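Numbering (numbering that gives the first Met the number 0), first residue to last: 0 to 139.
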Amino acid sequence: MEDFLRSCQSAVLDNEAKALAAKMGVPHVSLLQRANPDNDAHHLTVEHLFGILLHTGDMRPLGALASEFGFDLVARAAPKPQALTKSLISVGKEVAELTIAVHEALDDNHVSAFEKSQIRQEIQHVRQSLDVMDASVKAA
Numbered sequence: 000m001e002d003f004l005r006s007c008q009s010a011v012l013d014n015e016a017k018a019l020a021a022k023m024g025v026p027h028v029s030l031l032q033r034a035n036p037d038n039d040a041h042h043l044t045v046e047h048l049f050g051i052l053l054h055t056g057d058m059r060p061l062g063a064l065a066s067e068f069g070f071d072l073v074a075r076a077a078p079k080p081q082a083l084t085k086s087l088i089s090v091g092k093e094v095a096e097l098t099i100a101v102h103e104a105l106d107d108n109h110v111s112a113f114e115k116s117q118i119r120q121e122i123q124h125v126r127q128s129l130d131v132m133d134a135s136v137k138a139a
């Protein structure tokens with residue numbers, strides 16, 4: 000917990016605390032007090048942590064929190080947007096391939112381990128195509 004609290008304080012101190020506090024809509028002194036892990040009278044809230052992450056882009060607190068629970072924080076590569084029609088066609092194609100994989104698996108009323116693997120792979124393809132579609136909508 001100590002690493003997490005220290006990383007929150009570092010994120011505030013290393014990212015122009017006055018400007019950060021203004022973006023978060025909190026008094027500068029209040030933010031410094033709340034971010035100080037040695038100050039028992041004030042504590043950061045989840046909303047404060049979210050504001051720090053959002054306005055600084057400094058993911059050290061999130062990484063420290065993940066580490067406390069045995070996880071690694073890995074940034075996801077953002078998909079490149081496409082034309083909306085192209086991304087929509089891709090989503091439709093992937094959903095169709097998922098539908099085919101499920102129907103083929105159900106033909107003999109038994110879903111084998113290999114068929115489960117194929118279905119999961121198609122589900123992943125659908126998710127990826129939806130991520131591209133989401134990026135495409137944002138870029139449109």
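In this text, a Cβ means the ideal position worked out from N, Cα and C, and glycines have one as well. Just so we're clear, the structure is a prediction, and the values are computed from it rather than from any experiment.
Exercise. Can you give me the Cβ contacts of residue 23 inside the same chain, cut-off strictly under 8 Å, excluding the 5 residues immediately before and after it?
Key: 30, 47, 50, 51, 54
Once DSSP output is grouped into helix, strand and coil, what is the label at residue 68? coil
Q: Under 8 Å by Cβ, that's how I've got residue 135 and residue 80 pegged, so tell me the actual separation to the nearest angstrom.
A: 4 Å
### Task
Decide if residue 139 is buried, meaning its Cβ has at least 16 other Cβ atoms within 10 Å, or exposed.
exposed
Taking contact to mean 3 or more Cβ pairs, one atom from each stretch, closer than 8 Å, check whether the region 28–44 and the region 82–97 are in contact. no
Looking only at its chain, what residues have a beta carbon closer than 7 Å to the beta carbon of residue 100, apart from the 5 residues adjacent to it on each side? 117, 118, 121
### Message
Among the candidates 20, 13, 88, 76, whose CA atom is the shortest distance from the CA of residue 57?
### Response
13
Nearest CA to the CA of residue 1: which residue from 41, 60, 115, 18?
-> 60
**Report entry** Inter-residue spacing [alpha-carbon to alpha-carbon] between residue 71 and residue 112
**Finding:** 29 Å
Practice prompt. Please classify residue 75: does DSSP put it in a helix, a strand, or coil?
Written response: coil
ask   = Applying the criterion that 16 or more other CB atoms from any shown protein chain within 10 Å of the CB defines a buried residue, is residue 73 buried or exposed?
value = exposed
- request: Compute the Euclidean distance between the alpha carbons of residue 41 and residue 102, then round it to the nearest angstrom.
  value: 58 Å
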